[in-house]
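Undergrad: Take 112 as the starting number for the sequence shown in my numbering and just add one per residue.
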Amino acid sequence: MVRASEVAPRDPNVVALRAEIDLARWKRDRISGKAQLAVDGFLRAAELSGDPASRAAYQRNAAVVMSEQGQTEQAVLTLRAARKAVPEDLQTALFLAQVLSSSSDADHEEIRTLYESVLVLDPETYPAEVGLAMLDLQQGSFIAARDR
Numbered sequence: 112m113v114r115a116s117e118v119a120p121r122d123p124n125v126v127a128l129r130a131e132i133d134l135a136r137w138k139r140d141r142i143s144g145k146a147q148l149a150v151d152g153f154l155r156a157a158e159l160s161g162d163p164a165s166r167a168a169y170q171r172n173a174a175v176v177m178s179e180q181g182q183t184e185q186a187v188l189t190l191r192a193a194r195k196a197v198p199e200d201l202q203t204a205l206f207l208a209q210v211l212s213s214s215s216d217a218d219h220e221e222i223r224t225l226y227e228s229v230l231v232l233d234p235e236t237y238p239a240e241v242g243l244a245m246l247d248l249q250q251g252s253f254i255a256a257r258d259r
């Protein structure tokens, strides 16, 4: 039996699949080394990918694991790189806003701008509406979504 990683070691899909397997093993066993292997695999797949949208998706996957591991700063840097490559990607903007919101020194204006940019591209994005409502509540100026 031949392994795909032996036949196509530089194929971003193969590298990402390996990262998905490491991620699944980490979620099953909670061995932190597997989480780092998943992060490294997703970042490697992003490097190998020639497609900006795929690169951003791989970076976003790495950032999800980073965030779950408490590596918030690294997740933010990775998401910003993904957003720079594909600024219209709603999932990256939304996840970046959510990760930034979890930070104790969050820049509320940056978070608001991210949520608003998501809503400009897709006015029906419920998580962005919720994110804006939470920001409004934190700042003591709640505005109902229908009144925005």
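For glycine and all other residues, C-beta sits at the position ideal for the given N, C-alpha and C.
Decide if the region 172–187 is in contact with the region 146–160; the criterion is three or more beta carbon pairs, one per stretch, under 8 angstroms apart.
TA: At 8 angstroms Cβ cutoff, the stretches touch.
Undergrad: Below 8 angstroms on the Cβ atoms is my guess for Ala204 versus Arg194; work out the distance and round it to an integer in Å.
TA: The Cβ separation is near 6 angstroms, so the contact holds.
Undergrad: Could you compute how far the alpha carbon of Asp162 sits from the alpha carbon of Lys138?
TA: Straight-line Cα distance between these residues: approximately 28 angstroms.
Undergrad: Quick check: what's the CA-CA separation for Ala244 versus Ala168?
TA: Each residue's alpha carbon lies about 27 angstroms from the other.
Undergrad: Under 8 angstroms, do Val187 and Val210 count as touching if we go by C-beta distance?
TA: Against a cut-off of 8 angstroms, the Cβ pair of Val210 and Val187 comes out as a contact.
Undergrad: Would you mind sorting Val241 into buried or exposed? The rule is 16 or more other CB atoms within 10 Å of its CB.
TA: So Val241 counts as exposed.
Undergrad: Are the CB atoms of Leu201 and Leu232 within a distance shorter than 8 angstroms?
TA: Yes, they are a contact pair.
Undergrad: Quick one: residues in its chain with C-beta nearer than 8 angstroms to the C-beta of Ala164, no 5 flanking neighbours on either side, listed in chain order?
TA: Excluding sequence neighbours, Ala164 sits near Val197 and Asp200.
Undergrad: Measure the C-alpha to C-alpha separation of Ile222 and Leu246 and round it to an integer number of angstroms.
TA: Looking at the two C-alpha atoms, the distance is approximately 8 angstroms.
Undergrad: Quick check on DSSP: helix, strand or coil for Glu235?
TA: Of the three classes helix, strand and coil, the one that applies to Glu235 here is coil, per DSSP.
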